[in-house]
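In what follows, a single structure is set out as structure tokens and then discussed.
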Amino acid sequence: MRVMLLLVPLALLGAFVGIVYTNPETADVKFTYQRATEYEDGTPLSLEKIKYTRLYCDGTQVAQEVGADGDISAALTVGSHDCYGTHVDTNNVESNPSTAVTKLVEL
């Protein structure tokens, strides 16, 4: 059986959508993205086939949300973070990472 990987999964947008303070050392940071629309081989990828969207910062998974609604949030500590996203399809195949964006969290 041939496993198909998702094409470039999503494009994280560089601007902060919003910050909500959670404690003196972290802030909730919202990332917006455009979801993947096809598999690597060009086969269409429907929204229903995306099981999860995951966010990684500094090489560690920091958030996972069901589906792909266009935004994802994570509590990040003060400092600079390199972040990227992936999608996981209904066959539990995780896509290649999106282009990384750098987020600077200042309190």
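Residue numbers for the sequence shown follow our numbering, so the first one is 39 and each next one is one higher.
Glycine included, every Cβ here is placed at the ideal spot set by N, Cα and C.
Next on the checklist: In the DSSP assignment, the beta strand (DSSP E) including residue 77 goes from what residue to what residue?
Outcome noted: Mapped onto the sequence shown, residue 77 falls at position 39. Element bounds for residue 77: n/a, residue is neither H nor E.
Next on the checklist: What does the Cβ neighbour count give for residue 83, buried or exposed, with the cut at 16 atoms within 10 Å?
Outcome noted: Stepping through the sequence shown from its first residue, residue 83 is reached at position 45. By the neighbour-count rule (16 or more Cβ atoms within 10 Å), residue 83 is buried.
Checklist entry - The beta strand (DSSP E) with residue 105 in it runs from where to where? => result As a working note, residue 105 is residue 67 in the sequence shown. Looking at the DSSP string, residue 105 is not in any beta strand (DSSP E), and its letter there is neither H nor E.
Next on the checklist: Alpha carbons only, please: which of 95, 109, 126 and 98 is nearest the one belonging to residue 72?
Outcome noted: Taking the sequence shown and counting its residues from 1, the one referred to as residue 72 is at position 34. With distances taken between Cα atoms, residue 72 lies closest to 109.
Checklist entry - Taking the C-alpha atoms as reference points, what is the distance between residue 133 and residue 126? => result Mapped onto the sequence shown, residue 133 falls at position 95. Mapped onto the sequence shown, residue 126 falls at position 88. Going by the C-alpha atoms only, they are around 6 Å apart.
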